[in-house]
Amino acid sequence: MIGLIHYDLPDAFDQTDFFAKLGASYPLRRERIAREQAVFYDTFDWRLYEKGLLLFRRQESQQRNDRLALASLEDQSLLRECEVADVPVFAEDFPPGELRNQVASIIEMRALLKLFEKRSCLLTLRVLDEAQKTVAYLILESALLSGAGKKQHSHTGLWLKPLRGYEAHAESLHNFLIESGCQPARESWPEIAAPVMGRAPGDYSTKLRVPLNAQQPSGEAVKTILRFLLKAIRANEEGIRKDIDTEFLHDSRVAIRRTRSALGQLKGVFPEAEVQRFRKDFSYLGRLSNRLRDLDVYLLHEKNYQNLLPEALRGGIDPLFDDLRVERRKEWRKMARALLSPRYSQILQEWEAFLNAPAENSPAAPNSGIPTGELARERIYKRFRAVLKAGRGITDTSPDSELHALRLECKKLRYLLEFFSTLFPEQEIQRLVKQLKGLQDNLGRLQDLSVQQETLLKWVDRFSAAGDGEGKKTVIAIGSLVGSLETEKRQVRSDFSEIFAKFASGSNRKLFKKLFVQPEPAVAPSDLKGF
Amino acid sequence: MKIIAVYHFKGGVGKTATAVNLSYLAAQSGARTLVCDLDPQGSASFYFRVKAEFDAGAKGLIKGGGNLEKSLKSTDYERLDLLPADFSFRNLDRKLDVLDSPKTRLGKVLGSLRDEYEYAFLDCPPNITIVAENIFHAADYLLVPIIPTTLAVRSFAQLLLFFKKKNYNRKKIFAFFSMVESRKLLHRESMAFVDSRFKRMLQTRIPYTAEIERMGIYREPVPAFSPHSPAAAAYRSLWEELEKIVKT
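Protein chains in written order, with numbering that gives the first Met the number 0: chain Y, 0 to 530; chain E, 0 to 247.
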């Protein structure tokens with residue numbers, strides 16, 4: 000489908016004059032003025048925007064039902080559309096169909112947030128040929144944008160809608176518009192609406208891309224990374240408190256874990272006493288939501304659990320999940336309260352003050368002054384060797400604990416690669432991260448399956464104690480689940496050696512060496528004279 | 000994409016009016032719709048004010064569809080595109096004849112537009128030739144307008160017989176009465192006769208009205224220029240009936 004071309008109007012735009020000039024060159028028919036109202040949605044981390052998509056629900060004056068539309072951000076060409084009754088929040092709230100499938104694959108478990116509303120007045124001109132056939136549309140849109148607050152923003156723009164099979168006409172109109180002082184628009188709707196949203200599109204992402212300089216002192220650079228993580232922790236607080244979706248907590252926990260990992264792995268960059276203190280604080284922050292996150296994960300996978308069960312047993316685990324939902328509600332309340340507690344805010348305030356203080360060059364922090372590039376290379380390569388060492392010792396009969404230890408090493412390496420990614424060529428870092436991720440996915444899945452089995456077996460006690468018929472059904476259901484998980488676990492475990500071999504391959508090792516090992520300074524022949 | 004061919008080997012039974020009005024209504028209902036003007040006289044193109052272009056479309060159809068997309072034209076209505084008639088369709092029969100698998104060519108070519116449209120309506124030329132056989136292969140549904148007269152009913156019976164003889168899937172055929180003048184006894188009797196013998200008969204009857212003939216003057220679908228007319232209501236009801244069939 001051909002999209003629309005959006006134009007910004009010249010400063011001294013005179014509508015009457017413009018239409019008169021246009022009418023002199025092209026036969027036109029003016030349509031009745033239409034009003035349109037649209038509400039725009041995206042996830043907190045801009046998943047649709049990042050994919051170049053625009054999701055909106057619109058109401059046109061002639062049509063009775065609201066329509067939900069997925070369009071291209073660039074040219075507003077409509078990709079998919081369906082009718083809706085209620086405001087969608089999660090992908091599963093959409094009516095079944097292609098629109099839902101596409102949106103679901105992008106937003107996954109994230110909630111859609113209302114970004115802004117647009118009320119438009121549309122004046123449409125049909126451009127005709129000699130048979131009075133429409134060959135293009137020109138649409139003058141006066142829009143009033145509003146967000147959650149009182150702020151409003153008005154924007155007038157012109158759209159050219161080319162029609163299939165009439166491209167030459169559209170091109171001629173485009174040239175006319177440019178000659179009349181119109182400019183192809185620089186911004187899409189979310190960008191135009193930034194003032195009323197109070198945030199800019201793309202302002203939050205889980206991706207860690209901290210601009211660093213290889214020459215800057217490590218103390219400074221590491222603080223920059225940690226400030227980036229603190230911002231992420233803060234940005235997710237509101238979403239956790241309002242319980243919008245599970246990923247606010249998840250993202251916040253990842254930022255906390257990354258912070259802890261940085262403190263643990265980048266020794267000597269800050270005075271040890273302070274590192275110890277903050278590590279304790281962040282360990283406390285992480286613990287606050289351990290249980291809540293576990294529960295979130297169980298509930299997110301409820302459907303998968305159901306699917307693993309034979310049909311006759313599907314109802315069996317309902318009581319279990321009902322219990323989990325009750326417990327989750329309690330845990331979430333606890334967490335929401337903790338976020339408002341004096342201890343929580345004190346930890347983050349002190350942390351922020353520490354990060355904002357200039358890096359000190361004390362003897363307690365010997366590595367604070369060394370160039371960031373050097374620190375990054377040294378730590379990453381060391382960790383890479385640790386991963387190799389831990390992995391090479393693992394055979395098909397090694398106990399789970401060894402795989403668990405390897406998993407932790409991998410995680411540390413992953414964080415380091417991400418912290419310092421901007422110091423190295425992007426493509427090569429991405430290749431390494433991808434390889435590592437493959438290994439992590441395998442180890443992570445194995446860990447998940449073990450934990451799930453253990454948890455399920457713990458639940459057995461609870462339900463077998465109940466002793467009634469329903470309890471028995473649940474116990475059988477759990478038994479069946481543990482069995483299915485075991486089958487998968489064996490498969491995942493047997494995949495390990497091949498996946499690790501790929502990671503430890505010669506080409507991967509070479510790349511690590513090339514990126515992270517400083518070449519020995521070449522010996523000049525003149526240096527050899529002394530011998 | 001569901002392909003609905005409006006077909007009859009008899010001319011002047013209201014095929015083009017049916018294809019134009021139904022495709023318009025399908026697009027209005029929210030479905031991306033294509034109407035293919037396969038009739039060399041180009042009446043559907045005329046109704047949509049699209050000038051016939053020499054050669055482009057048919058070449059695409061024959062050579063394998065590469066040029067097909069370039070031949071498509073937006074109509075004046077949202078979601079509705081047209082594959083215009085082309086005077087070279089007069090030679091289509093001959094050209095199809097020399098190709099491999101000449102009988103399935105049209106289906107293959109239209110298949111290239113599968114993801115782009117939900118419905119394709121074919122306005123078919125009135126004959127039983129190789130073009131028609133292509134249509135029988137390509138179409139998911141064959142929609143046959145029948146004028147309730149003795150001769151027209153007889154030719155419908157011939158069509159059914161032809162399908163049987165050629166071993167085509169007769170379940171694709173759905174019919175409805177077109178140009179109905181219910182004050183005529185003959186029309187009423189003919190309709191009762193067919194209704195009692197053919198199962199896949201749609202209930203809607205399109206009346207014989209001046210409004211439908213005026214399409215040629217307005218060059219627009221009836222529901223576009225006269226939305227409240229009985230003819231528009233009849234086409235709407237026909238589309239609702241057909242939509243239920245093609246959606247399942």
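Note that CB positions come from ideal geometry on N, CA and C, so glycine has one too.
Minimum Cβ-Cβ distance from residue i to chain Y less than 8 Å
i, result
"L71(E)", "yes"
"T17(E)", "no"
Alpha-carbon spacing of residue i relative to residue j, whole angstroms
i, j, result
"C181(Y)", "S141(Y)", "15 Å"
"K20(Y)", "R118(Y)", "28 Å"
"Q429(Y)", "L207(Y)", "12 Å"
"H186(E)", "K164(E)", "29 Å"
"A90(Y)", "M108(Y)", "8 Å"
"E180(E)", "V245(E)", "28 Å"
"L228(Y)", "A254(Y)", "5 Å"
"R226(Y)", "F269(Y)", "14 Å"
"S463(Y)", "V474(Y)", "6 Å"
"A213(Y)", "G372(Y)", "4 Å"
"L172(Y)", "L241(E)", "40 Å"
"H142(E)", "S71(Y)", "Per the sequence shown, residue 142(E) should be read as Leu rather than His. Those two C-alpha atoms are separated by around 36 Å."
"S217(Y)", "G368(Y)", "6 Å"
"L312(Y)", "K472(Y)", "7 Å"
"I3(E)", "D293(Y)", "53 Å"
"G238(Y)", "Q101(Y)", "24 Å"
"V481(Y)", "I316(Y)", "12 Å"
"D395(Y)", "K488(Y)", "13 Å"
"D248(E)", "A37(Y)", "This structure cannot speak to residue 248(E), because chain E is shown only from 0 to 247."
"S340(Y)", "E351(Y)", "17 Å"
"K9(E)", "R113(E)", "29 Å"
"L514(Y)", "P424(Y)", "9 Å"
"Y167(E)", "Y23(E)", "29 Å"
Cross-chain neighbours of residue i in chain Y, by beta carbon under 7 Å
i, result
"R113(E)", "The premise fails here: R113(E) is roughly 14 Å from chain Y at the closest Cβ pair, so nothing lies under 7 Å."
"D80(E)", "R163"
Per-residue contacts from residue i into chain E (C-beta, under 8 Å)
i, result
"E80(Y)", "G29"
Beta-carbon neighbours of residue i, restricted to chain Y and to distances below 8 Å
i, result
"V34(E)", "Result: empty, since nearest Cβ-Cβ is about 13 Å, beyond 8 Å."
7 Å Cβ cut-off: residues of chain E touching residue i
i, result
"L162(Y)", "S73"
"Q131(Y)", "R48"
Distance between beta carbons of residue j and residue i, contact taken as under 8 Å
i, j, result
"A33(Y)", "T155(Y)", "Their Cβ separation, rounded to whole angstroms, is 15 Å, which puts A33(Y) and T155(Y) out of contact at 8 Å."
"A43(E)", "D139(E)", "The pair is not a contact, with the Cβ atoms about 19 Å apart (cut-off 8 Å)."
"I477(Y)", "V491(Y)", "About 21 Å; that fails the 8 Å criterion."
"L442(Y)", "L405(Y)", "6 Å"
"R259(Y)", "R278(Y)", "6 Å"
"A272(Y)", "H5(Y)", "Not quite, the Cβ-Cβ distance comes to about 57 Å (not below 8 Å), so this is no contact."
"M214(E)", "Y46(E)", "6 Å"
"G2(Y)", "S76(Y)", "3 Å"
"L67(Y)", "E80(Y)", "7 Å"
"L27(Y)", "L127(Y)", "7 Å"
"S449(Y)", "D399(Y)", "6 Å"
"G201(Y)", "W45(Y)", "5 Å"
"L112(Y)", "T42(Y)", "7 Å"
Below-8 Å beta-carbon distance, residue i vs any chain E residue
i, result
"Y165(Y)", "yes"
| task | Let me know the alpha helix (DSSP H) ranges lying completely inside the region 281-323 of chain Y, each 4 residues or longer, listed in chain order. | result | Counting whole runs of 4 or more residues, the region 281-323 of chain Y contains the alpha helix (DSSP H) stretches 289-299, 301-307.
| task | Starting from the N-terminal side, write out each stretch of the beta strand (DSSP E) that is 3 residues or longer and does not extend beyond the region 338-374 of chain Y. | result | Runs found: none.
| task | Jot down the residue ranges of each uninterrupted beta strand (DSSP E) in the region 371-407 of chain Y, minimum 3 residues, whole runs only, in chain order. | result | Correct list: empty.
| query | Which residue spans inside the region 106-137 of chain E form an unbroken beta strand (DSSP E) run of at least 3? | reply | Runs of the beta strand (DSSP E) lying entirely within the region 106-137 of chain E, each at least 3 residues long, are 118-122 in chain order.
| query | Mind pulling the alpha helix (DSSP H) runs of 4 or more residues that sit fully within the region 164-195 of chain Y? | reply | Qualifying alpha helix (DSSP H) stretches, in chain order: 166-178, 188-191.
| Complete beta strand (DSSP E) runs within the region 70-110 of chain Y (minimum length 3 residues, chain order) | If we require 3 residues or more, the beta strand (DSSP E) runs fully inside the region 70-110 of chain Y come out as 77-83.
| query | Along the chain, which unbroken stretches of the alpha helix (DSSP H) at least 4 residues long are found entirely within the region 147-201 of chain E? | reply | Correct list: 149-165, 184-196.
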